[in-house]
Structure formats: C-alpha cells, structure tokens
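Asker: Quick one: this structure, given as structure tokens, is what I'll be asking you about.
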Amino acid sequence: MRWYRLLGIVVLLGFFLAAFGGAYAQKVTVTIQDYFDPAGGMAKFVDRWAEEYMKKNPDVEVKHVYIPFAQLLPTILQQALTGTLPEVVMADNPWVPNLIKAGVYLDITDKVKEWGWENWEDFFKGHRDLTSVDGKIYAFQVTTNNLALFYRKSLLEKAGIPEPPKTWAELKEVSAKIKEALGIYGFGFCATASEEGTWQFEPFLWSNGGSLLELDQKEAVEALSFLVEMVEKGYTPRDVVNVSGQGDVTQWFINGEVAMMENGNWEFGWHLTPDVLEKLGDVGVAALPVPKEGAKPIVPFGGECYGIGANTKDPKKLAVAWEFLSFIASADGMLAANLEHGGLPTRASAAEKIAAQKPILAPFLEQARYALPRPLVGGFEKYPDVSSTVWTAMQRALTGMKTPEEALKEAAEAIRGLFSPEEYEAYRKQARELIAAAAQ
Amino acid sequence: MTKRGGALPLPGRMSVMKGTKVAYFFLLPALLYVLFFGLYPLLYNVSLSLRDVTFITYIQGTARFVGFGNYRELFANPIFQRTFSNTLLFTGLSILFQFTIGFLLALLFNRSFPLKGVLQSLIMVPWVLPIIVSGSFFRWFFSDNGMLNGFLLAFRLIERPIPWITSGHLPIFSVTMANIWLGIPFNFVLLYTGLQGIPEELLESAEIDGATGWQKVRFIITPLLRPVILATLTLGCIFTVKVFDLVWIITQGGPGDVSHLFSTLSYSLAFNKLHFGKASAVLIVMVLVVALLTALLNLFQREV
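Respectively, the protein sequence lines represent chains F and Y. Take 1 as the starting number for the first sequence in this note's numbering and just add one per residue. Take 1 as the starting number for the second sequence in this note's numbering and just add one per residue.
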C-alpha cells in the first residue's frame, strides 16, 4: 500500500473543502423550510421576498427549501434531534402544539412586543391560541382555510331548488329532490382514513354542540347518524370512505356526479381554478348547513404556521429570520401572500381587505372568525390519536359495520384511555369552553 | 479458491496468511454495507420497539424503556390481531393463486402457438405498470360505483352494488385479488425461464412411453423445477408479506382498520399517530414472520 499517496489525496481534499467552506462562511445563510408546492402562489411569494432581500443585503444568502408534505414532519424530527433545524420552520397547524412542546420553536414574545402588540391582537383568537402557550408566542399562522358548502346552481335549479340548503333537514330534502330529478348524488364529503376524514366530520360535530372528547354524547351520535343516513339513503356515495382525499370529491363535483359538497377554499387554487370555474359557470359557495335554523356553522381551521427554529443562536441569522416572519405576518404581507396562494388571512384587518377583492370567499371568511384549532379542542398533543380514533369510528359507522352509537361509544372509551383522569377532565373542560365560545 | 491455489506455487505459510488478509480487505465494502444499511437499521428498530417512543419523547430523548410492553399491547389489540390474520390470509391466498396461475401460464407458453410473443408481453403488463397507477385503478375498479359493480349490474348478476372495499369483511379479499393480478407475471417469468431449462428429449421420450400431460407435469417437470419453484415461493413470500403501496393506495388499511397489513398498520401508527415505538414493534413482528416463512421453505429445499 502506498499509504503516503493516500495521505496526500486526503490532505489535498481537506484543503479544498476548507477553501470552499471558507468562501461560504463569509455569507450568512438563512434557510426557510416549508412544504408549499414550488410552482404554487405561496412558494413564489416567499421566493420573491428572498430574492429582494438578497438584492438589498448581498452578505445574506436566503435559501428556500421545499420538503414534500409527507416528509416534513420526519425531517423536522431529524433536524431537532441533531440540532440542525433551519432558521425558519414551517408546519401544518395541528402539529404546532406538539412542536412547541418538543422545543422546536424559539420563543418570540419579546420580538412581538418590540414589533407592536396590536399586530398580535389583530390575529383571530383561534390562531393566537394555537401558536402560543401561557402567553408566550412561538409562531405565526400566516394562512388559513376551512370548510363550506359548494353547490352547482344549474343542477339545483334543474331539481327545482332555488337556494342552497341551510340546515341538515334541508340538505336531506334537497338531496332527495336531486336524486329523484337527476339520478345523481346530492352531497359529497370526505371520510377517508386520515385526518381529512376527521376534519370533515368536525363541522357536523361542533355545530351540533358535540365534542371530540365526549363522543358518546347525543350531540355526537346525532351528527354521525346524520351522515350515515345520507349514505344509507343513497344521497352520498358510500365510496366517500375510500377516496384518496378531498380532491377526489371535487372531481365528482366537477364531473357532475354530486351536486353539492363539503370542501375547502384551497380548491380555488387547486381544482376549481378560474378557468374551471368559468367552464362550469354555476359554482356557488354557502355556509355549511347547521343542525337547526339559526345555529352557527362551527368549523375547524387549517393552514400553516411559520416560526423560528430553536437552534438559531447567531443574532445576524435571527434578525433575518425575524425580518421574514414579521413581513409575512404583517397585515399587508399576509394579504398579498394569501391573494397569490388562494388562502385566507388570519388577521382581521387583512381578512376585511380580501373579502372586498374576492367575494366568493365570503362564507369562508365569515366562518374563519370563530373557527376552532383542532388540537386545542381535541386533547392537545394527543390530537393525532384522537383524530385517528374518530375517523376509524366514522368509517365503521358509514360502512354499516357498527351503528353510530356503538362506533362512537368505542371511540369515546379509547379516547378517554389516552389521558390520565385529571388530564382528561382539564382537556374536556377546555374543549367545552372553546366550543361554547365559538357558538355565541 | 483452494483448488486454484493448489495449482500455483505456494511460497510458504506467511503468504497464505497475507492472502487471507487481502481477501478480508476485499470483503470490507460489502461488510460495511451490510452493517450500516442492514444490521444497524434493524437493531435501531429493535431498540425503538422496546421503548415508549412518541414524537415528543423522541425529540427530547426521554423515551422510557418498556421492555416488551409495546409487543404485549399490540397482541392484545384487536386491530393488530386482525392485521396479523389479514397478513397471513393475504400472503397465503396471493401465493396460492399467483403461483398456480403463473405455473399454468408457463406450461401454456412452453409450447408454440400463434401470437405467443404478443400475449407474452401482455402478461407482463401488471409488472411494468407503476403501483400508483394499478393501485388507483383498483380503487376505482372495486368502489361502489366502480367498474366491477357496473359490470355485474349491467349483466344483472347482482341487484345492488357489492361493497368490495366499503364493508367490514370484503376489503382484505379485494386487495388480495388485486395483488394476485400484480404477482402473476413475476411467478410466470421465473417458472417459464425454469421450464425452458428442461431438455426437450426428456418430455419427448416420456410421450413415446405414453405419458399423459398430467404425468409429464407431475413426474418430470415438477421434480426438475423444484429449485426454481422453491425460489419462486420464497421470493413470493418475502415480497407479499411486506406489500405496502398497493393496500395503502386502495384502502389505506380501512375502512375502519379492517384491511391493514403489517406494513400499513406500522405506517399509520408511525405517521398518523406518531407512535414510533409501536410502529417499530409491528415491523419487527413482520421481519420475524418473513424469517420464519423463509426458514420453512429452506427446510423443504434441504429435504431433496
């Protein structure tokens, strides 16, 4: 073995690495990590900010890194374990309480105070509750979405229905008429074995005064029984348990296989783009039907949060990360980002402005005011467990394996078993309070 | 190696030792590969499966050691019990039908007939298609308003749609059917290749002696194909026990957790519920089942 040759190569290699590393070290690199589709509006918006910022600050390199949705959580996990979290960490909102508890996010309360507390108070309550713990702020939710009733005006008219249904009874009635007149399904929703299934059930549960932590109560049984009845009467296809996601339901809606559906505003940036809307020419949106006349449709909110990674120690990097955060969380930044992204702002002032520009979003914006954060009404960091128990119960009832009472009783027991009795009581009360506050 | 070494002049004991060292050196890359990409992940999984690892305990490094607690909980859980029997049912039925159909097709294609080449490539189609495509197709094929029910309804064979993947008992059979369709080409190719290695003269002389088709298969083809058959079954078992994508795309283990296999249950425990410890325990059980099946088949091989 000519070991000295090998040594020579290693030394040379080391030298090159050091040289290149040195060249990089002169620049401060700040990474923004998220799962927004690189071709989509939000990603482009962030890219543009990064470009402009680098133009003004040539000593800073802002990297915008895309991680696919399914890999983001495992990636954050890995980064947190190895202390390599990026400066700006994005997460889907239901994960945020878990991430805060795990210490992924930096406490930014002081920065927010410096920036102006009125900015924080401009956020809707649900979003403030989600991204803060005991008065300390860890992230900003910058975009949100929720669920409403989409309907095809021309199909409803053909069945002799002038207006979209407002209550569950009306939804059933309208669906019956549509089935009779047109031979198609009246109403589509998504009951897939994932969070999407639970999230589509929550509006029915909460609007009826039910809670995820008290599923054996009559409010919950009524809500699930209603959906089961819709399937059993043939107003909703039983295939809702096997769709790959909410987008499949939109596909039925576009094809005219269902006349109405429960779905979210993101569809305007995904399947129901302006050209599709124009081609169909008859898509309307209304608030989700409620159990009784005069009740409020209480929906869960979706959307993403940005915060600063806990490993960000360098003050220079911290400053850049905050610059980004306070821009995208500002009223104007958030408005522009959401206009491009097709989302809803989480600040009252920005929501008012977007309502004027996009009237079709009105039902979503109205519901967003009192929409609920899922983890906070669903057992905090146990929410993933609660949610999967709920979608399993829902699927069992919808496929006729169990009655709604049986399925929900089992689920309620399983959920109670996730907590200690004191924990359970505390979360149950918290959920009750939040749901009651939203209903007012 | 020793034989060849015998033909060369051996300069003495020392250099033989040196030669062995060099051999080990050449083995090093393979050894490192197995250590880092085979053994390490496996052992890491074992260690995860013995601890109470959730999202928060994982990051904070506070996961408690629970011994076989995860395993005990799993075996007491009706969903896991169902998953266990599902996996055995899925594997058993898949292998039985894939192998039988593959074998029959191989026998058929072992003689020449018109359009053989075209048909042979058509048989390979399921294998060539990406699973996301065939899986999505089957999801629609089996759905209440899907192709299969549409067909059966059109011919008045049924009055109401059969809930192939929207009921409590049928979904595991539906995904098994899909998997059988997917696995036929694999069995066909291996067996067909093996068949071509059987000398024509043997079969011809058997024919002259008055052997029937069945006798030829039973007394000539099967014994000669034995190694190929065992290899096909072993590989088939390994591949089938760990199927993930097909089931995940068609049913996601649902509805109501009735169609899980080990792999889908593990995935859903890890990434839906964030119970990494339990998810690892499921995987370890899966590895043990695969090892057991392989060992059983190996036993057959030695008994020749």
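Beta carbons are placed, not taken as given, at the ideal position from N, Cα and C, and that holds for glycine.
Interface residues of chain F around residue 139 (chain Y) at Cβ under 8 Å?
Answerer: 242, 244
Asker: Which ranges would you report for the alpha helix (DSSP H) in the stretch 53 to 124 of chain F if only whole runs of at least 4 residues count?
Answerer: 69 to 82, 96 to 102, 109 to 115, 117 to 122
Asker: Given a cut-off of 8 Å, decide if residue 119 (chain Y) and residue 176 (chain Y) are closer than it, judged by their beta-carbon atoms.
Answerer: no
Asker: Less than 7 Å between C-beta atoms, sequence neighbours within five positions excluded: which residues of the same chain meet that for residue 115 (chain F)?
Answerer: 326
Asker: CA-CA distance, residue 300 (chain F) and residue 294 (chain F)?
Answerer: 19 Å
Asker: To the nearest angstrom, report how far apart residue 369 (chain F) and residue 135 (chain Y) are at their CA atoms.
Answerer: 40 Å
Asker: Output yes if chain Y places a C-beta closer than 8 Å to the C-beta of residue 302 (chain F); else output no.
Answerer: no
Asker: Cβ of residue 55 (chain Y) less than 8 Å from any chain F Cβ?
Answerer: yes
Asker: Check whether the Cβ of residue 165 (chain Y) lies closer than 8 Å to any Cβ atom in chain F.
Answerer: Yes, its Cβ sits closer than 8 Å to a Cβ of chain F.
Asker: Compare the beta carbon distance of residue 331 (chain F) and residue 350 (chain F) with 8 Å and say whether it is the shorter of the two.
Answerer: yes
Asker: Using a Cβ-Cβ distance cut-off of 8 Å, determine whether residue 143 (chain Y) contacts chain F.
Answerer: yes
Asker: Do residue 97 (chain F) and residue 375 (chain F) have their CB atoms nearer than 8 Å?
Answerer: Pairing residue 97 (chain F) with residue 375 (chain F) gives a Cβ-Cβ distance under 8 Å.
Asker: Tell me the DSSP secondary structure of residue 284 (chain F) in three-state form.
Answerer: strand
Asker: If you compare alpha carbons, which of Y:239, Y:227, Y:263 is closest to residue 301 (chain Y)?
Answerer: Y:227
Asker: With DSSP run on the structure shown, which of helix, strand or coil describes residue 124 (chain Y)?
Answerer: Coil, per DSSP.
Asker: Quick one: Cα of residue 28 (chain F) to Cα of residue 61 (chain F), how far?
Answerer: Cα to Cα, residue 28 (chain F) sits roughly 6 Å from residue 61 (chain F).
Asker: Output yes if chain Y places a C-beta closer than 8 Å to the C-beta of residue 101 (chain F); else output no.
Answerer: yes
Asker: Answer yes or no: does any C-beta atom of chain F fall closer than 8 Å to that of residue 29 (chain Y)?
Answerer: no
Asker: Can you give me the C-alpha to C-alpha distance between residue 255 (chain Y) and residue 99 (chain F), rounded to a whole angstrom?
Answerer: Taking the straight line joining both Cα atoms gives about 30 Å.
Asker: Could you name the residues that DSSP lists as bridge partners for residue 275 (chain Y)?
Answerer: Y:54
Asker: 8 Å is my cut-off, CB to CB: does residue 277 (chain Y) come that close to chain F?
Answerer: no
Asker: What's the C-alpha gap between residue 76 (chain Y) and residue 257 (chain F)?
Answerer: 43 Å
Asker: Output the distance between the C-alpha atoms of residue 196 (chain Y) and residue 24 (chain Y), rounded to the nearest integer angstrom.
Answerer: 39 Å
Asker: Compute the distance between the beta-carbons of residue 168 (chain Y) and residue 247 (chain Y), then report whether it is under 8 Å.
Answerer: no
Asker: Nearest-angstrom Cα distance between residue 53 (chain F) and residue 30 (chain F)?
Answerer: 11 Å
Asker: Answer with yes or no whether the minimum CB distance from residue 239 (chain F) to chain Y is below 8 Å.
Answerer: It does: the Cβ of residue 239 (chain F) has a partner Cβ on chain Y nearer than 8 Å.
Asker: Does the beta-carbon distance from residue 106 (chain F) to residue 308 (chain F) come in below 8 Å?
Answerer: yes
Asker: Return yes when the Cβ of residue 360 (chain F) is within less than 8 Å of the Cβ of residue 290 (chain F), no when it is not.
Answerer: With a cutoff of 8 Å on beta-carbon distance, residue 290 (chain F) and residue 360 (chain F) are scored as not near each other.
Asker: For residue 323 (chain F) and residue 112 (chain F), what's the separation of their Cα atoms in angstroms?
Answerer: Rounded to whole angstroms, the gap between the alpha carbons of residue 323 (chain F) and residue 112 (chain F) is 12 Å.
Asker: So for residue 190 (chain F), helix, strand or coil by DSSP?
Answerer: coil
Asker: With DSSP as the reference, label residue 42 (chain F) as helix, strand or coil.
Answerer: helix
Asker: Just list the residues that DSSP pairs residue 33 (chain F) with in beta bridges.
Answerer: F:65, F:89
Asker: Any Cβ of chain F within less than 8 Å of the Cβ of residue 236 (chain Y)?
Answerer: Output row for residue 236 (chain Y): interface = no.
Asker: With a threshold of 8 Å, are at least 3 pairs of Cβ atoms found where one atom belongs to the stretch 95 to 107 of chain Y and the other to the stretch 183 to 191 of chain Y?
Answerer: yes
Asker: Within the 8 Å Cβ cut-off, does residue 245 (chain Y) reach chain F?
Answerer: For residue 245 (chain Y), the answer is no, since every Cβ of chain F falls outside 8 Å of its Cβ.
Asker: For a cutoff of 8 Å on Cβ pairs, would you count residue 373 (chain F) as touching chain Y?
Answerer: no
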